[in-house]
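Using my numbering, count along the sequence shown one by one with no gaps and you end on 298.
Using N, Cα and C, we set each Cβ at its ideal position, and we do this for glycine too.
Because the structure is a prediction, the values reported are computed rather than measured.
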Amino acid sequence: MLVSANEMLKKAKAGHYAVGQFNINNLEWTKAILLTAQECNSPVILGVSEGAGKYMCGYNTVVGMVNGMIKTLNITVPVALHLDHGSYEAALKCIEDGFSSVMFDGSHYPIEENIEKTRALVKLTGEKGISLEAEVGAIGGEEDGVIGMGECADPDECKRIADLGVTMLAAGIGNIHGKYPANWKGLSFETLAAVSEKVGDMPLVLNGGTGIPADLIRKAISLGVSKINVNTECQLAFAAATRSYIEAGKDLEGKGFDPRKLLAPGVEAIKATVREKMELFGSVGKA
Ligand code: 13P
Numbered sequence: 012m013l014v015s016a017n018e019m020l021k022k023a024k025a026g027h028y029a030v031g032q033f034n035i036n037n038l039e040w041t042k043a044i045l046l047t048a049q050e051c052n053s054p055v056i057l058g059v060s061e062g063a064g065k066y067m068c069g070y071n072t073v074v075g076m077v078n079g080m081i082k083t084l085n086i087t088v089p090v091a092l093h094l095d096h097g098s099y100e101a102a103l104k105c106i107e108d109g110f111s112s113v114m115f116d117g118s119h120y121p122i123e124e125n126i127e128k129t130r131a132l133v134k135l136t137g138e139k140g141i142s143l144e145a146e147v148g149a150i151g152g153e154e155d156g157v158i159g160m161g162e163c164a165d166p167d168e169c170k171r172i173a174d175l176g177v178t179m180l181a182a183g184i185g186n187i188h189g190k191y192p193a194n195w196k197g198l199s200f201e202t203l204a205a206v207s208e209k210v211g212d213m214p215l216v217l218n219g220g221t222g223i224p225a226d227l228i229r230k231a232i233s234l235g236v237s238k239i240n241v242n243t244e245c246q247l248a249f250a251a252a253t254r255s256y257i258e259a260g261k262d263l264e265g266k267g268f269d270p271r272k273l274l275a276p277g278v279e280a281i282k283a284t285v286r287e288k289m290e291l292f293g294s295v296g297k298a
């Protein structure tokens, strides 16, 4: 059964570790992440972007697939199914379709509009026991070949959003989605410490988990980060393993072209990546 991310993140914040959000793209991704969470006895958050939701034939299809797998694979660790960087409309749709957690990313709106929309979703999600993530300070990343540096959130704005009663807050601290460019300045721990002080017990979310060095991850957790999102790193691991399989000519041997064989090394690579992150985040054994 899917659960909200509320309990697992409260426990993570109190226990000084972080729960990983791993984005899913298809059946293989979902199975790999769920099996690894179970093997690691770790809580887990499955992230679904709007684009991935469309790719997987709609949020209702995703809910059906994830619920089916939890049952058939005997997954007993806490699993939250979470909309990643959703619009207001996407959040409403996911709530209707059975997600247990949603993110409304209003960071590109003026703060008053971000507050008003987040406030409406606090009410709706609260009535249904669904967890809600809000964001202040846009996360950078690549758009049309240009890598935008992540913004640093205003700690006072963070407090205003946190006080609305959201479950978790993503605050920009110079982090970006995708690979970090060579001239990246690192995370702004000054911002993180200031936000942390303002929002107290509120679990904080670190987006753009791919490629952040382990020591920076540990420091972020020590300053109140309780949820870390990883997407690109699983994609890179999957692609590299699939490339090796094909470059070694294995798809041409026997029934090596069978998708169940062809995709297997990629699945193992995702599993290894997720395990490595769960160990780094400290969530192993915390289910
Ligand atoms: P990466 O793709 O950089 O790991 O970021 C994932 C993320 O933050 C999803 O919201």
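With aspartate 167 as the anchor, note down where its alpha helix (DSSP H) starts and where it stops.
For the purposes of this step, residue 167 is taken as residue 156 along the sequence shown, with counting starting at 1. Secondary structure note for aspartate 167: its alpha helix (DSSP H) is the uninterrupted segment 166 to 173.
Practice task
Could you tell me the distance, in whole angstroms, from the CA atom of lysine 272 to the CA atom of leucine 263?
Solution key: To locate residue 272, count along the sequence shown from 1; it is residue 261. To locate residue 263, count along the sequence shown from 1; it is residue 252. The alpha-carbon of lysine 272 is positioned some 11 angstroms away from that of leucine 263.
Review point. Do the segment 164 to 174 and the segment 186 to 193 touch if we need at least three Cβ pairs shorter than 8 angstroms?
Key: no
Let me know the secondary structure DSSP gives aspartate 95 once reduced to three states.
For the purposes of this step, residue 95 is taken as residue 84 along the sequence shown, with counting starting at 1. Strand at aspartate 95.
**Message:** DSSP has alanine 182 in a bridge; who is on the other side?
**Reply:** By 1-based counting over the sequence shown, the position of residue 182 is 171. Answer by DSSP bridge pairing, in chain order: Val147.
Any alpha helix (DSSP H) of 4 or more consecutive residues that is wholly inside the segment 229 to 276: 243 to 258, 270 to 273
- Cβ-based burial, asparagine 34 [other Cβ within 10 Å; buried from 16]: Along the sequence shown, read from residue 1 onward, the residue named residue 34 stands at position 23. Counting Cβ neighbours within 10 Å, asparagine 34 comes out buried, since at least 16 surround it.
Take the Cβ of histidine 27 as the centre, count every other Cβ of all protein chains shown within 10 Å, and call the residue buried at 16 or more, exposed below.
For the purposes of this step, residue 27 is taken as residue 16 along the sequence shown, with counting starting at 1. Counting of Cβ neighbours within 10 angstroms places histidine 27 among the exposed residues, the total staying below 16.
Would a C-beta distance cut-off of 7 angstroms place valine 281 and alanine 29 closer than the cut-off? For the purposes of this step, residue 281 is identified with residue 270 of the sequence shown, where counting begins at 1. For the purposes of this step, residue 29 is identified with residue 18 of the sequence shown, where counting begins at 1. For the record, residue 281 in the displayed sequence is isoleucine; it is not valine. Not closer than 7 angstroms, so no.
Is tyrosine 148 near the ligand 13P, judged by its Cβ being under 6 angstroms from some heavy atom? The sequence position of residue 148 within the sequence shown is 137, counting from 1. It should be noted that the sequence gives glycine, not tyrosine, for residue 148. No, the Cβ of glycine 148 stays beyond 6 angstroms of every heavy atom of the ligand 13P.
Q. Going by the C-beta, is histidine 93 closer than 6 angstroms to any heavy atom of the ligand 13P?
A. Sequence index remark: in the sequence shown, residue 93 carries index 82 (1-based). For the ligand 13P, not one heavy atom lies less than 6 angstroms from the Cβ of histidine 93.
C-alpha gap between glycine 117 and lysine 128, whole angstroms: Here residue 117 refers to the residue found at position 106 of the sequence shown. Here residue 128 refers to the residue found at position 117 of the sequence shown. If I take the Cα positions, the gap works out to 8 angstroms.
| message | When you compare the CB positions of lysine 170 and valine 210, do they come within less than 7 angstroms of one another, or not? | response | Stepping through the sequence shown from its first residue, residue 170 is reached at position 159. Stepping through the sequence shown from its first residue, residue 210 is reached at position 199. Yes, Cβ-Cβ distance for lysine 170 and valine 210 is below 7 angstroms.
Just how far apart, CA to CA, sit serine 207 and leucine 215? Along the sequence shown, one-based indexing puts residue 207 at 196. Along the sequence shown, one-based indexing puts residue 215 at 204. Taking the straight line from one Cα to the other gives about 8 angstroms.
Q. In the structure shown, what three-state DSSP assignment does valine 88 receive?
A. Sequence index remark: in the sequence shown, residue 88 carries index 77 (1-based). In the structure shown, valine 88 sits in coil (DSSP, three-state: anything other than H, G, I, E or B).
Quick check: what's the CA-CA separation for lysine 24 versus valine 74?
Against the sequence shown, residue 24 aligns to sequence position 13. Against the sequence shown, residue 74 aligns to sequence position 63. The straight-line gap from Cα to Cα measures roughly 27 angstroms.
* Asked: What separation, rounded to the nearest whole angstrom, lies between the Cα atoms of alanine 145 and lysine 42?
  -> Taking the sequence shown and counting its residues from 1, one reaches residue 145 at position 134. Taking the sequence shown and counting its residues from 1, one reaches residue 42 at position 31. If I take the Cα positions, the gap works out to 27 angstroms.
Would you mind reading off the limits of the alpha helix (DSSP H) that contains leucine 13? Sequence index remark: in the sequence shown, residue 13 carries index 2 (1-based). Where leucine 13 is concerned, there is no enclosing alpha helix (DSSP H), given that its DSSP letter is neither H nor E.
**Request:** Have a look at Ala298, Leu20, Tyr70 and flag the residue whose alpha-carbon is nearest the alpha-carbon of leucine 180.
**Result:** Here the question's residue 180 lines up with position 169 in the sequence shown. Of Ala298, Leu20, Tyr70, the residue nearest in Cα terms is Leu20.
Worksheet entry | Segment contact, 8 angstroms Cβ cut-off, at least three pairs: the segment 251 to 260 with the segment 61 to 73 | no
Distance, leucine 217 Cα to methionine 114 Cα: Here residue 114 refers to the residue found at position 103 when the sequence shown is read from its first residue. Here residue 217 refers to the residue found at position 206 when the sequence shown is read from its first residue. Computed Cα separation, rounded: 13 angstroms.
Cβ atoms of leucine 135 and valine 177: under 7 angstroms apart, would you say?
The sequence position of residue 177 within the sequence shown is 166, counting from 1. The sequence position of residue 135 within the sequence shown is 124, counting from 1. Not a contact, by the Cβ cut-off of 7 angstroms.
Exercise. Let me know the alpha helix (DSSP H) ranges lying completely inside the segment 27 to 66, each 4 residues or longer, listed in chain order.
Key: 38 to 51, 61 to 66
field: Length of the line joining the Cα atoms of glycine 277 and aspartate 174
entry: As a position in the sequence shown, residue 277 is number 266, starting the count at 1. As a position in the sequence shown, residue 174 is number 163, starting the count at 1. When rounded, the distance between both Cα atoms is 42 angstroms.
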